[in-house]
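Just below is one structure, and these are the notes that go with it.
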């Protein structure tokens, strides 16, 4: 297909496709008679879908997208490293904070990680985010909420198992990365929404509102005139 048809099929404007070509995010098409008449195939459709997911859903910079694509195209890079690179690129790094609350939160988190036997890379971005949240919880509510971290960790591990089951069931490397990214970014929003729905359900079970039904009047007494 020509570039105009590639644009129509993918919904990506021609100008954006040309930009991705210049940045090396999209492989060149097959040149037939002139560079302006290059042909594109399904591999370009798939790559454009992945680039759009990385940019629009993940919020990755062009440099980060280029690094992720290079990892995908390099068969020597393990899938675990490629997925980690993709997810980390979608997270904004949080600065490390050195105060007693954050130190206590870090110790609490490390204890949970050790108890569950999680194997993690040194100081992953998500660790800093979790420490910030735990420290804020402690500052605002004391110990009332930080005790939930164990329950959340157990639920998170079950969700991660389901996530990776879904990702590893996909054979195409590009689709794997896209599935992991979209599943992580949008999955977090879905989890937040489902949690609120579940909270409403459990609250209604534990604290049922008083019945609003109007009692029916008694039937008329036929013995009375």
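In full-length UniProt numbering, the protein residues as written are 1 to 225.
The beta carbon of each residue, even a glycine, is placed where N, CA and C say it ideally should be.
The structure presented is a predicted model; accordingly, all values stated were derived computationally and were not measured.
| query | Which residue from 75, 16 and 149 puts its Cα closest to that of residue 51? | reply | 16
| task | Could you spell out the range, first to last residue, of the alpha helix (DSSP H) harbouring residue 204? | result | 173-206
| message | What does the Cβ neighbour count give for residue 86, buried or exposed, with the cut at 16 atoms within 10 Å? | response | buried
| residue 25 burial status per 10 Å Cβ neighbour count (16 or more: buried) | buried
| query | Counting along the chain, where does the alpha helix (DSSP H) carrying residue 119 start and finish? | reply | It is not in any alpha helix (DSSP H) - residue 119 carries neither H nor E in the DSSP assignment.
| field | Where the alpha helix (DSSP H) through residue 7 begins and ends | value | 3-10
| request: Quick one: give me the first and last residue of the alpha helix (DSSP H) that residue 45 is part of. | output: 42-52
| task | Would you kindly report the start and end of the unbroken alpha helix (DSSP H) that includes residue 69? | result | 62-73
| request: Could you tell me which residues DSSP pairs with residue 161 in its beta bridges? | output: Note: residue 161 sits in no beta bridge, so no partner.
| Could you give the residue range of the alpha helix (DSSP H) that holds residue 96? | First-last for residue 96: undefined, no H or E at that position.
| field | Extent of the continuous alpha helix (DSSP H) run through residue 144 | value | 143-146
| query | Should residue 190 be labelled buried (16 or more other beta-carbon atoms within 10 Å of its own) or exposed? | reply | exposed
| query | Any idea which residues DSSP pairs residue 39 with across the strands? | reply | 30
| field | Same chain, Cβ closer than 7 Å to residue 157, neighbours up to 5 away in sequence not counted | value | 116
| message | Counting beta carbon pairs with one atom in the stretch 65-81 and one in the stretch 167-183, are three or more of them shorter than 8 Å? | response | yes
| said: Using the three-state DSSP reduction, which class does residue 76 fall into: helix, strand or coil? | reply: coil
| Inter-residue CB distance, residue 89 and residue 106 (contact presumed, cutoff 8 Å) | Going by Cβ atoms, the distance from residue 89 to residue 106 rounds to 24 Å, so no, they are not a contact pair.
| field | Local conformation of residue 133 per DSSP, three classes | value | helix
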